[in-house]
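First up is the structure itself, then whatever we jot down about it.
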Amino acid sequence: MARPGDPLTAYSRHSAVLSFGWEVNPLIFSHSQLETYERCPFKYRLLYLEKIKAGRRSIEAFMGSLVHETLEKLYRDLRMSRLPELEDLSRFFVDAWRASYGEDVFIVRSEYGEEDYLNTGLRCLENYYRRYYPFRGGGTPLWLERRVQIPLCDQEGRRVNFIGVLDRLDYLEGGRYEIHDYKTSQFLPTQEMLEGDRQLSLYQLAVEASFPDVKEVELVWHYLVFDRELRLRRERKRLQEVAADALRVVREIEQASDFPPRESELCDWCEVQEHCPRRKHLYMVAKLPVRELGMDRGIQLVDEYAEWHARKKEAEEKLEEVRKEIIEFAEFHGVEKIQGTSGVLSLSRVRRPVLPPEGSEERERLEEVLRGASKWEAACTLSPSKVSSLASGEELDEETRNRLRELLSWEESVSLKMRGLFE
Ligand code: SF4
Numbered sequence: 062m063a064r065p066g067d068p069l070t071a072y073s074r075h076s077a078v079l080s081f082g083w084e085v086n087p088l089i090f091s092h093s094q095l096e097t098y099e100r101c102p103f104k105y106r107l108l109y110l111e112k113i114k115a116g117r118r119s120i121e122a123f124m125g126s127l128v129h130e131t132l133e134k135l136y137r138d139l140r141m142s143r144l145p146e147l148e149d150l151s152r153f154f155v156d157a158w159r160a161s162y163g164e165d166v167f168i169v170r171s172e173y174g175e176e177d178y179l180n181t182g183l184r185c186l187e188n189y190y191r192r193y194y195p196f197r198g199g200g201t202p203l204w205l206e207r208r209v210q211i212p213l214c215d216q217e218g219r220r221v222n223f224i225g226v227l228d229r230l231d232y233l234e235g236g237r238y239e240i241h242d243y244k245t246s247q248f249l250p251t252q253e254m255l256e257g258d259r260q261l262s263l264y265q266l267a268v269e270a271s272f273p274d275v276k277e278v279e280l281v282w283h284y285l286v287f288d289r290e291l292r293l294r295r296e297r298k299r300l301q302e303v304a305a306d307a308l309r310v311v312r313e314i315e316q317a318s319d320f321p322p323r324e325s326e327l328c329d330w331c332e333v334q335e336h337c338p339r340r341k342h343l344y345m346v347a348k349l350p351v352r353e354l355g356m357d358r359g360i361q362l363v364d365e366y367a368e369w370h371a372r373k374k375e376a377e378e379k380l381e382e383v384r385k386e387i388i389e390f391a392e393f394h395g396v397e398k399i400q401g402t403s404g405v406l407s408l409s410r411v412r413r414p415v416l417p418p419e420g421s422e423e424r425e426r427l428e429e430v431l432r433g434a435s436k437w438e439a440a441c442t443l444s445p446s447k448v449s450s451l452a453s454g455e456e457l458d459e460e461t462r463n464r465l466r467e468l469l470s471w472e473e474s475v476s477l478k479m480r481g482l483f484e
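So the mapping is simple: my numbering equals the position in the sequence shown, first residue as 1, plus 61.
Here it is in structure tokens:
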């Protein structure tokens with residue numbers, strides 16, 4: 062019976078939750094689904110709510126999946142008592158690469174080409190092969206690229222199934238198990254980052270629920286590019302926290318009504334950019350031949366805008382220069398109106414208070430005075446014109462007006478107004 066509040070209630074320690082086909086359950090989430098939502102809610106909406114099929118994949122994802130396939134083949138061969146040579150695995154990898162590499166694979170880091178990624182994949186395999194050859198030291202691989210389900214229970218007592226694909230599960234003597242995960246990322250996480258892992262922790266729950274003899278589970282990451290093996294053991298309390306956190310994200314997704322795009326450096330690798338308002342036009346233009354760029358209306362408009370913006374800035378600078386000269390001219394000749402060929406320019410002088418700077422003691426005292434006089438609401442934006450009218454009008458008593466005036470300094474500003482000759 063599900064107990065609300067305990068995420069592991071639905072998960073029974075020794076019940077088989079291993080599944081070859083997904084249960085019919087509306088609350089099914091995968092780790093990558095949650096990760097997608099956390100990184101960009103809009104991408105989540107596109108992929109999981111609108112179910113848009115991404116027609117492309119990054120070369121990193123392509124390379125990673127082939128490395129996984131090749132390592133799966135290695136362990137399937139070992140299971141059949143065949144130890145493949147490194148050359149056999151490399152050939153398998155290259156053949157699979159050549160057979161499936163196509164237009165749908167895109168490269169973001171344009172300084173590198175297809176061959177660079179292929180060689181990186183080969184190096185990942187070589188690193189792994191040389192490190193573990195002849196593959197007798199570890200445990201017995203029980204699962205290879207196995208789909209698993211982890212049933213959890215949310216706060217309302219509803220069952221939420223998490224699903225995922227576990228790269229490899231090894232059995233060691235004495236009820237010890239190891240969950241292995243292959244990574245071809247160019248980024249090596251710190252131990253602290255591993256502590257925050259959700260994916261393998263959820264897989265641990267699946268393993269514990271599937272094998273009655275589990276005494277110990279270790280999580281093992283193989284960062285193949287760096288030839289590094291990172292390990293972690295999870296306390297039960299931490300597993301509960303991870304499960305509760307996963308359910309929290311599920312709840313957040315369920316309650317979300319808005320799925321805004323969240324731009325990040327990962328956008329360049331986003332496989333649904335052509336559907337995203339933040340990237341659609343950039344993506345479309347990037348595919349245009351150079352000779353057609355000038356024909357795109359979007360490009361034309363932005364270029365026009367940029368040009369007028371630059372002109373506006375230039376005009377504003379020039380206006381300010383002339384304005385200063387006009388004021389000097391008016392002061393020198395003692396005039397308030399100046400005749401031009403197209404109109405008359407009037408100068409009027411306005412005295413405005415200079416508000417003490419935000420955070421200063423004077424500013425605080427000024428706010429205090431206004432609050433004390435119940436005028437804070439009216440002047441809470443502290444606009445100089447409002448404060449000016451409070452300091453000089455009849456709204457406040459004489460004493461408060463004086464206190465206000467003490468806190469203000471005054472500056473004079475000149476405004477220019479042009480009127481046409483024939484208006
Ligand atoms: S391009 Fe960026 S902002 Fe747009 S959906 Fe993809 S990840 Fe989100």
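Note that beta-carbon positions come from the ideal geometry of N, C-alpha and C, so glycine has one too.
Same chain, Cβ closer than 7 Å to Y232, neighbours up to 5 away in sequence not counted: G200, T201, L203, Y238
Residue range of the unbroken alpha helix (DSSP H) whose run includes D231: Taken as a continuous stretch (DSSP letters only), D231 belongs to no alpha helix (DSSP H), being part of the beta strand (DSSP E) at 220-233.
Cβ-Cβ separation, L285 to R295 (assumed contact under 8 Å), whole Å: Not quite, the Cβ-Cβ distance comes to about 23 Å (not below 8 Å), so this is no contact.
Delimiting residues of the alpha helix (DSSP H) encompassing D364: 358-394
Exposed unless 16 or more other CB atoms sit within 10 angstroms - verdict on H283: buried
According to DSSP, residues forming a beta bridge with G242: Here residue 242 turns out to be Asp, not Gly, going by the sequence shown. W282.
Any non-hydrogen atom of ligand 1 closer than 7 Å to F103 Cβ: yes
As assigned by DSSP and simplified to three states, the class of Q216: coil
Cβ-based neighbour list, E130, same chain, cut-off 7 Å, excluding 5 preceding and 5 following: A157
Any non-hydrogen atom of ligand 1 closer than 7 Å to V333 Cβ: yes
Cβ contact (3+ pairs, closer than 8 Å) linking the region 295-305 and the region 327-335: no
L135 versus E206 - alpha carbon distance: 12 Å
Integer-rounded CB distance, given that Y243 should sit under 8 Å from F209: In the sequence on display, residue 209 carries Val and not Phe. With 8 Å as the limit, V209 and Y243 do not qualify as a contact, their Cβ atoms being about 16 Å apart.
Buried or exposed (CB count within 10 angstroms, at least 16 for buried), Y366: exposed
Heavy atom of ligand 3 within 7 Å of R323 beta-carbon: Among the ligands present in this structure, namely ligand 1, ligand 3 is not found.
Nearest candidate by alpha-carbon position, reference M124, set E176, S142, K112: E176
R340 beta carbon near ligand 1 (any heavy atom closer than 7 Å): yes
Identity of the residues DSSP links to I399 by a beta bridge: L406
heavy atom of ligand 1 below 7 Å from L110 C-beta: no
Status (buried if at least 16 other CB within 10 Å, exposed otherwise) for N222: buried
For P250, three-class secondary structure by DSSP: coil
Sequence-distant residues of its chain with Cβ nearer than 7 Å to P102 (five each side left out): A317, F320, P321, R323
Residue span of the alpha helix (DSSP H) that contains I120, given as start and end: 120-140
Pair within 8 Å by beta-carbon distance, T461 and V415: no
Inter-residue spacing [alpha-carbon to alpha-carbon] between Y98 and E459: 60 Å
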